[in-house]
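Shown next, in C-alpha cells, is the structure this report addresses.
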Amino acid sequence: AQSVTQPDIHITVSEGASLELRCNYSYGATPYLFWYVQSPGQGLQLLLKYFSGDTLVQGIKGFEAEFKRSQSSFNLRKPSVHWSDAAEYFCAVGPFSGGYNKLIFGAGTRLAVHP
Amino acid sequence: DGGITQSPKYLFRKEGQNVTLSCEQNLNHDAMYWYRQDPGQGLRLIYYSQIVNDFQKGDIAEGYSVSREKKESFPLTVTSAQKNPTAFYLCASSIDIGPGANVLTFGAGSRLTVL
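Chains as they are written, first to last, in the numbering used here: chain Y, 1316 to 1430; chain W, 880 to 994.
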C-alpha cells in the first residue's frame, strides 16, 4: 500500500543553522512528491513539488528537496533557518488511483526555531 | 486575488447537532476536496468532487455529507452520526487533469469543537 513516513515528529534548530526534514514513501512507481508548510491555525501552502526530471527541486522561501529513488526519499533542506520558518511541514505523495488524483500525506514534522 | 475562503473559522456544536462548513473558491478549479486534520495524523480525505453535481467518498466519509451545486462551492455537513467531530477541517481545490491535479490550494481551515 502507498504510504508516507516522516520519522521526526518534532525538530528544534537554532536560527541560522541548516535544516533537513526527512520523508520516505512507499509507492509502486515513480511518484509525484510534494512538501507543504502549515503555520498554526492556518491552511497548507505548497513549498515545492517534484513531477519528473531534475531530482533536486527548488521551492519558495529558500527551501529545496532532493528525490532519491534508490532510498525512496524526498528530504527537505534549507541551508539557514529563519525564525519565521517555525511551522509544521508535511510531505505528500501523489498516486493515481481509481481515476482520480489523491494525495497521501505524512503525519507532519513540527519545526521549532531557537533564537 | 484568487483563493479559497472557508467559514466560519471557529465553530462550536452541541452533541446531536448537524453543522455545515462553507468552502468557496474563485480559482476556476474543477476539483474540490475536504480533509480532516487531527494532531499527529496528517490529513485524511473526507470527500472530493471533480465536477459539479458529482462527488465521491474519501477515506473517512462516515458521518459527513457534501454537495456540489456550483463549481465555486463545496459545503461540508458534519452530521450527528460523526462520532468524534472535533477537528480542524481543510478545504482544497485543484485543476482536474494532468500533474497539476495533484497541486492542492488550501483554505485557512475551520476548527470545529463539540461541547
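C-beta atoms are modelled at their ideal positions from N, C-alpha and C, and glycine is treated no differently.
DSSP three-state assignment for residue i, whether helix, strand or coil
| i | result |
| --- | --- |
| Lys962 (chain W) | coil |
| Arg892 (chain W) | strand |
| Ala1422 (chain Y) | coil |
| Asn932 (chain W) | coil |
| Lys1376 (chain Y) | helix |
| Arg923 (chain W) | strand |
| Gln1357 (chain Y) | coil |
Own chain, CB closer than 6 Å to residue i, minus 5 neighbours either side, in chain order
| i | result |
| --- | --- |
| Ile935 (chain W) | The sequence given here has Gln at residue 935 (chain W), not Ile. Cβ neighbours of Gln935 (chain W) beyond the five flanking positions: Tyr927. |
| Arg1005 (chain W) | The structure shown has nothing for residue 1005 (chain W), since chain W only spans 880 to 994. |
Beta-carbon proximity list for residue i, same chain, < 8 Å, skipping 5 on both sides
| i | result |
| --- | --- |
| His1429 (chain Y) | Thr1327, Val1328, Ser1329, Glu1330 |
| Lys893 (chain W) | Val993, Leu994 |
| Glu948 (chain W) | Val931, Asn932 |
| Cys902 (chain W) | Ile883, Thr884, Gln885, Met911, Trp913, Ser952, Phe953, Pro954, Leu955, Cys970, Gly986 |
Extent of the continuous beta strand (DSSP E) run through residue i
| i | result |
| --- | --- |
| Gln1317 (chain Y) | Premise fails: Gln1317 (chain Y) is in no beta strand (DSSP E) and is neither H nor E. |
| His908 (chain W) | Run containing His908 (chain W): none; DSSP gives neither H nor E here. |
Nearest-angstrom beta carbon gap, residue j and residue i [assumed within contact, 8 Å]
| i | j | result |
| --- | --- | --- |
| Val1396 (chain Y) | Leu1336 (chain Y) | The Cβ separation is near 11 Å, so there is no contact. |
| Val1408 (chain Y) | Gln1317 (chain Y) | 6 Å |
| Tyr968 (chain W) | Thr956 (chain W) | Actually they do not touch by this definition, with Cβ atoms about 11 Å apart. |
Exposure label - residue i; buried when at least 16 CB within 10 Å
| i | result |
| --- | --- |
| Arg1384 (chain Y) | exposed |
| Ser1418 (chain Y) | Checking the sequence, you will find Leu at residue 1418 (chain Y) rather than Ser. Leu1418 (chain Y) is buried by the Cβ-count criterion. |
| Ile930 (chain W) | exposed |
| Ala980 (chain W) | buried |
| Tyr889 (chain W) | exposed |
| Ala1380 (chain Y) | buried |
| Trp1398 (chain Y) | exposed |
Cβ neighbours of residue i in the same chain (closer than 7 Å, five flanking residues each side left out)
| i | result |
| --- | --- |
| Gly1423 (chain Y) | Gln1321, Glu1403, Tyr1404, Phe1405 |
| Gly1377 (chain Y) | Lys1393 |
| Lys962 (chain W) | Gly942 |
Cutoff 9 Å: residue i Cβ touching any chain B Cβ
| i | result |
| --- | --- |
| Ala971 (chain W) | Here the protein chains are Y and W, and chain B is not one of them. |
Residue i Cβ short of 8 Å to the ligand ZN heavy atom set
| i | result |
| --- | --- |
| Gly1343 (chain Y) | The ligand ZN is absent from the structure shown, which contains no ligand whatsoever. |
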